[in-house]
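Before any comments, here is the structure.
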């Protein structure tokens, strides 16, 4: 793996004029790794452009610069050497604009990701499944030629942000010895740990806290003797508390933190069905497997899908049946 | 500091028959560092005894062995070489039994602590204020002679437990680069990070989560444009959810983590009045001052009192008036 990391580092040093893209609905790692790579390339004398067609979740605004683009024309792309795709499993999940896929950009792609189900769509594919975060891979690339790549305090903060958000603040099972050592190094490079923690964990919005409390009080459901819990989020509550659904990562983590639960889920109405986010507390209960059976995808511990169903009740029945099957499979092994 | 650490490591290697003590009401770091040191000494061929006169909090029972003592007789102490005090600022805070002080043991003490206000009561004092946890210091002592001190997976787990509990899971400002590197090393030594995180952070009781949610949904009140928030906890809810009120530290910390709040409080019926717990987010707003005015006491950021009043309404009025006065005083300075 180190050879491949060195190769990408050298490729990036040799070329210039990069386009950076990441997945749609970008989270802390997507944004942290993308803005960090943008900074590192620029700080080391390269031209680079970050394409982010979506509005960013509020809580990340303190960390990101405003020098990203929401649109790139074909004539601009013609002057660029490589498209670097970060944290994105497949071309159609890339956030490149309305209904577009990464393939539509018609660029040669360096595909950098840590998801094991990455579809290897690049000319170069640097997939590091044991990396906790895409940000960790970006760090490793920069670290491969430490005299050539500059990691500023701002870049270190962005990389640590990505790592903290993708490890649940060093709580998930992907919290490896390597990621701890890399985080130590980022702190030495003056990553602003205090600001990350304050903004990510200690700045909850009151109406959001009330929204979560009302969901737990009135909309929490249990099955499988309490081993599976889920919340259907009605649209009227989202409106009542003016919740920005871009900021709901914490809710499902809160559910996962309850004793005795093995799998938890959030459901929301979307298009002609119900969008489901799934989290597992234990690698034995693969929510990726559930999601894939329902035409979705993700990691063993965090996955998602869209259940097409006419009513909430039937979507819930489908979900509960799939969760039950996973529990039964593990039990019968 | 490294010289002093080496000196203590050598002293411990040279002698034998140790008594280990820690502070009363032991927390994760007190227990983690004490049991880890007990293991490390024993695994390296030494005799060691851990004195813990109190019942241990449930959540730590999975981590500790049962080979500790709740009482040590004088004749036993006579056969011991040194008393090692861990994580304890002063002799009277040591947990050595009912109304006793560490001085009553009449032993020569090796005083190992990371609190800057440690009273230097040992023959040897190894005070490391930049260590995040006493467990971090125990690791550094063992690491000073890695070929002689054995850190088993169980010891590594106990040390990581101490570090995780004293850094708030790597969220407090004491999360240094050093502690990240040490944690990486503990993971390599097979510390059971998964079990620590599961037991410490992912084992909230469902009925307790529902209790908190219902309090926020139905019993949260605001004043001073939302800068003061408080919750009155009705007894019937405590009964409905079978809540152990010893475990409610998280509720007021949750309130404090809400953006825009400067002072938060919990109120509960008690005797002929209302017990009030107060927290401040900012040292400028001293809740100790409010508590003292109401015949209570505490720290600037965390204090408590009992408001004698016939009705909740009049107790709330008194509390709100005192909070308002603090806000006005700070504003008018």
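Protein chains in written order, with this note's numbering: chain B, 8 to 340; chain G, 8 to 340.
For glycine and all other residues, C-beta sits at the position ideal for the given N, C-alpha and C.
Look at residue 136 of chain B and residue 123 of chain B and say whether their C-beta atoms are less than 8 angstroms apart.
-> Counting from 1 along the first chain, the entry for residue 136 of chain B is found at position 129. Counting from 1 along the first chain, the entry for residue 123 of chain B is found at position 116. It is a contact, given that the beta carbons lie within the stated cut-off.
Outcome for residue 113 of chain G when other beta-carbon atoms lying within 10 angstroms are tallied against a minimum of 16 | Here residue 113 of chain G refers to the residue found at position 106 of the second chain. Under this definition residue 113 of chain G is an exposed residue.
Are the Cβ atoms of residue 43 of chain B and residue 133 of chain B separated by less than 8 angstroms?
-> Residue mapping note: residue 43 of chain B aligns to position 36 of the first chain, counting from 1. Residue mapping note: residue 133 of chain B aligns to position 126 of the first chain, counting from 1. Not a contact, by the Cβ cut-off of 8 angstroms.
Any idea which residues DSSP pairs residue 274 of chain B with across the strands?
-> Within the first chain, residue 274 of chain B is the residue found at index 267, counting from 1. For residue 274 of chain B, which the question treats as bridged, DSSP gives the partners B:239 and B:283.
The region 32–52 of chain B / the region 176–193 of chain B touching (three or more Cβ pairs under 8 angstroms) = Touching, no.
Take residue 190 of chain G and list the residues in its own chain whose beta-carbon comes closer than 7 angstroms to its own, dropping the five residues that flank it on each side.
-> Within the second chain, numbered from 1, the residue matching residue 190 of chain G stands at position 183. So the qualifying residues of the chain are 167 and 170.
Starting from residue 210 of chain G, find everything on chain B with Cβ-Cβ shorter than 7 angstroms and list it in chain order.
-> Locating residue 210 of chain G in the second chain gives position 203, where the first residue counts as 1. The contacting residues are 266.
Just how far apart, CA to CA, sit residue 46 of chain G and residue 330 of chain G?
-> As a first step, residue 46 of chain G must be located in the second chain, where it is residue number 39. As a first step, residue 330 of chain G must be located in the second chain, where it is residue number 323. C-alpha separation (whole angstroms): 49 angstroms.
Where do the N-terminal and C-terminal ends of the alpha helix (DSSP H) with residue 171 of chain G fall, by residue?
-> On the second chain, position 164 is the one that residue 171 of chain G refers to. Run containing residue 171 of chain G: 160–173, per the alpha helix (DSSP H) assignment.
Please confirm if the region 21–28 of chain B is in contact with the region 89–102 of chain B, defined as three or more CB-CB distances below 8 angstroms between the two stretches.
-> yes
With distances taken between CB atoms, is the gap from residue 316 of chain G to residue 304 of chain G smaller than 8 angstroms?
-> What you label residue 316 of chain G is simply residue 309 of the second chain in a count that begins at 1. What you label residue 304 of chain G is simply residue 297 of the second chain in a count that begins at 1. Residue 304 of chain G is positioned such that its CB atom lies no closer than 8 angstroms to that of residue 316 of chain G.
Residues of its chain near residue 250 of chain B, where Cβ-Cβ distance is below 8 angstroms and the 5 sequence neighbours each way are ignored | The residue you call residue 250 of chain B lines up with position 243 of the first chain. Contacts found: 214, 215, 218 and 244.
List the residues that DSSP assigns as beta-bridge partners of residue 38 of chain G.
-> In the second chain, counting from the first residue as 1, residue 38 of chain G sits at position 31. Paired residues: none, contrary to the question.
Residue of B:54, B:52, B:76 and B:334 minimising C-alpha distance to residue 292 of chain B | Counting from 1 along the first chain, the entry for residue 292 of chain B is found at position 285. Taking only the C-alpha atoms, the option nearest residue 292 of chain B is B:334.
What three-state label does DSSP hand residue 6 of chain G in the structure shown?
-> Coverage of chain G is limited to positions 8 through 340, which leaves residue 6 of chain G absent and any answer about it impossible.
Comparing the C-beta of residue 250 of chain G with each C-beta of chain B, is any distance below 8 angstroms?
-> For this step, residue 250 of chain G is matched to residue 243 along the second chain. Answer no: the Cβ-Cβ gap between residue 250 of chain G and chain B never drops below 8 angstroms.
Interface partners of residue 221 of chain B on chain G, CB under 7 angstroms = By one-based count along the first chain, residue 221 of chain B stands at place 214. Those are 224, listed as they occur along chain G.
Determine, using beta carbons only, whether residue 182 of chain G comes closer than 8 angstroms to chain B.
-> Locating residue 182 of chain G in the second chain gives position 175, counting from the first residue. Output row for residue 182 of chain G: interface = yes.
Return yes when the Cβ of residue 15 of chain G is within less than 8 angstroms of the Cβ of residue 150 of chain G, no when it is not.
-> Taking the first residue of the second chain as 1, we reach residue 150 of chain G at position 143. Taking the first residue of the second chain as 1, we reach residue 15 of chain G at position 8. In this structure, residue 150 of chain G sits away from residue 15 of chain G, with a CB-CB distance that is not shorter than 8 angstroms.
Range covered by the beta strand (DSSP E) that runs through residue 228 of chain B | Taking the first residue of the first chain as 1, we reach residue 228 of chain B at position 221. Start and end: 227–230.
Roughly how many angstroms lie between the CA atoms of residue 257 of chain G and residue 202 of chain G, to the nearest whole one?
-> Locating residue 257 of chain G in the second chain gives position 250, where the first residue counts as 1. Locating residue 202 of chain G in the second chain gives position 195, where the first residue counts as 1. Looking at the two C-alpha atoms, the distance is approximately 20 angstroms.
CB-CB under 7 angstroms to residue 409 of chain G, same chain, minus the five flanking residues each way: which ones, in chain order?
-> Since the displayed chain G opens at 8 and closes at 340, residue 409 of chain G lies outside it and no answer follows.
Under a CB-based cut-off of 8 angstroms, is residue 115 of chain G close to chain B?
-> In the second chain, residue 115 of chain G corresponds to position 108, counting from 1. Cβ-Cβ to chain B under 8 angstroms: no for residue 115 of chain G.
When the cut-off is 8 angstroms and only beta carbons count, does residue 231 of chain B lie next to chain G?
-> Residue numbering aside, residue 231 of chain B sits at position 224 when the first chain is read from its first letter. Output row for residue 231 of chain B: interface = no.
Consult DSSP for residue 150 of chain B and reduce its assignment to one of helix, strand or coil.
-> In the first chain, the residue the question calls residue 150 of chain B occupies position 143. Residue 150 of chain B falls in the helix class under three-state DSSP.
CA-CA distance, residue 140 of chain B and residue 86 of chain B?
-> Position 133 of the first chain, counted from the first residue, corresponds to residue 140 of chain B. Position 79 of the first chain, counted from the first residue, corresponds to residue 86 of chain B. For residue 140 of chain B and residue 86 of chain B, the distance between alpha carbons rounds to 30 angstroms.
Per the contact definition of three or more C-beta pairs closer than 8 angstroms, is the region 264–281 of chain G in contact with the region 227–245 of chain G?
-> yes
Which word fits residue 288 of chain G, buried or exposed, when buried means at least 16 other C-beta atoms lie within 10 angstroms of its C-beta?
-> Sequence index remark: in the second chain, residue 288 of chain G carries index 281 (1-based). Classification for residue 288 of chain G: buried.
Contacts that residue 200 of chain B makes with chain G (C-beta to C-beta distance below 7 angstroms) | As a position in the first chain, residue 200 of chain B is number 193, starting the count at 1. By Cβ distance, chain G contributes 182.
Where residue 207 of chain B and residue 106 of chain G are concerned, what is the direct C-alpha to C-alpha distance, given to the nearest angstrom?
-> The sequence position of residue 207 of chain B within the first chain is 200, counting from 1. The sequence position of residue 106 of chain G within the second chain is 99, counting from 1. Their backbone Cα atoms lie some 43 angstroms apart in a straight line.
Rounded to the nearest angstrom, how far is the Cβ of residue 57 of chain G from that of residue 40 of chain G, given a contact under 8 angstroms?
-> One-based indexing of the second chain puts residue 57 of chain G at position 50. One-based indexing of the second chain puts residue 40 of chain G at position 33. About 11 angstroms; that fails the 8 angstroms criterion.
Taking Cβ-Cβ distances shorter than 9 angstroms, what residues in chain B pair up with residue 195 of chain G?
-> The residue labelled residue 195 of chain G in the question sits at position 188 within the second chain. Correct list: 184.
Can you name the residues that DSSP bridges to residue 107 of chain B?
-> Taking the first residue of the first chain as 1, we reach residue 107 of chain B at position 100. In the DSSP output, where bridge partners are listed per residue, residue 107 of chain B has none listed.
Taking buried to mean at least 16 other C-beta atoms within 10 Å of its own C-beta, is residue 345 of chain G buried or exposed?
-> A query on residue 345 of chain G cannot be resolved here, the shown segment of chain G reaching from 8 to 340 and no further.
Is the CB of residue 213 of chain B under 8 angstroms away from at least one CB in chain G?
-> As a working mapping, residue 213 of chain B is identified with position 206 in the first chain. Answer yes: the Cβ-Cβ gap between residue 213 of chain B and chain G drops below 8 angstroms somewhere.
Spatial neighbours of residue 229 of chain G in its chain, beta-carbon cut-off 6 angstroms, leaving aside the 5 residues before and after = For the purposes of this step, residue 229 of chain G is taken as residue 222 along the second chain, with counting starting at 1. Cβ within range, chain order: 236.
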